[in-house]
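Asks: Counting from 184, one number per residue, gives the positions in the sequence shown under our numbering. Note that the Cβ used here is the ideal one computed from N, Cα and C, for glycine as well. As the structure is a computational prediction, the values presented were derived from the model and not from experiment. One structure coming up, written as structure tokens, with questions to follow.
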Amino acid sequence: MKVAIVSPIPLFPLNAGNRSRVLNLARTIRSLGHEVHFIYLESRQPEPFDMEAHLNEFETAGVTVLRRSGSALWAYRVKRVAWLLKRAAERLLARQEAYYTGLDELYSVTFSNQLRHLQDEHGFDAVFVEYVFYSRALDAFPDSVIKVLDTHDIFADRHIPFIGRPGAKNYMFSISPRHEERGLRRAHVVVAIQSEEGAVLSARLADGGPNVAVISHLLEPATGTDSRAYADAAFLGSDTQPNRDALAYFMNDVMPRITAEVPQFKLHLLGSIATAIDAHPNLLRRGRVKDLAEAFSVAPISVNPMLLGTGINIKLLESMQYGLPVVTTRLGARGLSSNYLRGVTIVDDRDAQGFADVVIRLVRDAELRASQGVASRQSAHAWHEAQLQVLRDTLNGNSVPISLEECAVSEV
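Right, here's the structure in full:
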């Protein structure tokens with residue numbers, strides 16, 4: 184099959200969980216024997232689009248960048264200004280609509296003509312479009328093409344839990360439920376990132392809507408970590424407000440309890456989150472690293488103290504694939520069935536003493552770290568195989584939601 188992936192986010196630099204998700208999706212589709220063409224819809228990004236890295240990944244014939252220019256660019260800018268003014272007016276009237284991004288607000292109509300041209304040129308058999316806000320791209324393809332919308336999250340009224348939180352406007356997108364549903368119905372298959380969201384979307388689309396499949400984060404093969412030689416911990420993440428909140432909670436409430444028992448303990452910060460906090464004697468701000476296996480080898484305990492967030496926790500899965508024992512809040516384990524949580528210890532949200540106790544136990548017991556790490560890696564492998572089967576079904580046009588039954592999980 185020829186498969187197109189249409190995305191408003193580039194894959195390189197690889198510095199965020201959503202980029203990792205789309206890149207692994209592309210690589211997994213290729214591993215199934217299909218041809219993948221990556222189509223990037225030009226958008227504002229904090230860093231330049233790394234064309235060389237994309238060409239190395241997909242080769243010249245497998246990458247296309249669609250740009251806005253001329254009258255199309257001006258039309259897009261006028262539309263954006265109109266939406267900004269509309270939200271400002273709604274804010275003055277204290278209306279809910281002040282929080283909503285328009286369904287097609289971020290999409291430029293010039294993309295559709297370019298996508299039709301690419302379809303005529305390549306004859307794609309299936310197309311994946313990333314995010315409901317770009318779902319209009321699906322209309323550029325004929326119904327003979329399997330149209331898949333990769334949601335990443337449910338954005339309907341997503342602003343509600345974030346209202347009043349510092350920095351929320353910098354990362355939070357929300358849409359009215361009615362408009363989100365209209366975007367979802369443009370697809371033949373809607374992909375949810377976790378089973379709970381899959382159930383919600385299935386219920387909303389039950390009256391003749393598209394099939395819903397659950398395909399979470401797909402994992403690449405990774406070298407297992409020997410966790411016995413070192414006993415530091417790692418926190419992996421990009422510089423987002425939920426990650427900042429999690430790190431502040433850990434440093435203020437959990438870290439003092441750990442260092443009171445093991446003063447030599449250090450937390451290694453991996454990713455751009457390392458720039459979001461001041462120096463601390465028990466903190467190593469490593470930032471972006473080229474080799475996660477090397478970084479995890481000297482910090483082989485994964486901590487995931489998330490207190491806010493939606494979707495699947497990608498950094499949790501990435502730690503598991505390297506064979507790290509994981510300590511996480513209950514919210515941090517969202518979207519994962521207990522069938523796939525061996526090697527992961529779940530602590531109630533804001534139970535700082537419980538979180539610290541588990542970390543201390545792992546720091547002091549090398550064999551416990553090793554056994555939990557092996558279990559974690561096995562869980563990640565089983566998780567990946569389950570996602571892989573749903574992806575095969577999706578490409579074959581046989582998508583159905585998967586049900587991940589619940590069973591006992593490891594708790595304090």
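Closer than 8 Å is the cut-off here; do at least three beta carbon pairs connect the region 382-402 with the region 433-448?
Replies: Between the region 382-402 and the region 433-448 there are fewer than three C-beta pairs closer than 8 Å, too few to call the two in contact.
Asks: What are the uninterrupted segments assigned as alpha helix (DSSP H) that are 4 or more residues long and contained completely in the region 425-503, given in chain order?
Replies: 438-442 and 475-480
Asks: For residue 334, count neighbouring C-beta atoms within 10 Å of its own C-beta (all shown protein chains included) and say buried if the count is 16 or more, exposed if not.
Replies: So residue 334 ends up on the buried side.
Asks: Can you list, in chain order, the residues of its chain with a C-beta nearer than 8 Å to that of residue 513? Leave out the 5 residues immediately preceding and following it.
Replies: 529, 530, 531 and 532
Asks: Which residues bound the beta strand (DSSP E) around residue 223?
Replies: 218-224
Asks: Please say whether residue 332 and residue 397 have beta carbons closer to each other than 9 Å?
Replies: no
Asks: By the DSSP assignment, the alpha helix (DSSP H) with residue 255 in it spans what residues?
Replies: 253-275
Asks: Give a yes or no on whether the C-beta atoms belonging to residue 416 and residue 485 are separated by under 9 Å.
Replies: The Cβ atoms of residue 416 and residue 485 lie closer than 9 Å to each other.
Asks: With distance defined between alpha-carbon atoms, name the residue in 365, 191 and 186 nearest to residue 317.
Replies: Of the candidates 365, 191 and 186, the one whose C-alpha sits nearest the C-alpha of residue 317 is 191.
Asks: What does the alpha-carbon distance come out to for the pair residue 356 and residue 263?
Replies: 15 Å
Asks: By the 10 Å Cβ neighbour count, where 16 or more other Cβ atoms means buried, how is residue 261 classified, buried or exposed?
Replies: exposed
Asks: Please report the distance separating the alpha-carbon of residue 524 from that of residue 559.
Replies: One C-alpha to the other measures close to 7 Å.
Asks: Hey, would you say residue 177 sits closer than 9 Å to residue 453, going by beta carbons?
Replies: The structure shown has nothing for residue 177, since the chain only spans 184 to 595.
Asks: Are there three or more Cβ pairs, one per stretch, closer than 8 Å when the region 468-476 is compared with the region 425-442?
Replies: Judged by pairs of C-beta atoms under 8 Å, the region 468-476 does not touch the region 425-442, as fewer than three such pairs exist.
Asks: Buried or exposed for residue 566, going by 16 or more other Cβ atoms inside 10 Å?
Replies: buried
Asks: Can you look up residue 187 in the DSSP assignment and give me helix, strand or coil?
Replies: strand
Asks: Within 8 Å, do at least three Cβ pairs link the region 245-261 to the region 214-229?
Replies: yes
Asks: Going by CA-CA distance only, name the one from 402, 240 and 413 that's closest to residue 549.
Replies: 413
Asks: Using 8 Å for Cβ pairs, my map puts residue 339 next to residue 358. What's the rounded Cβ distance?
Replies: 6 Å
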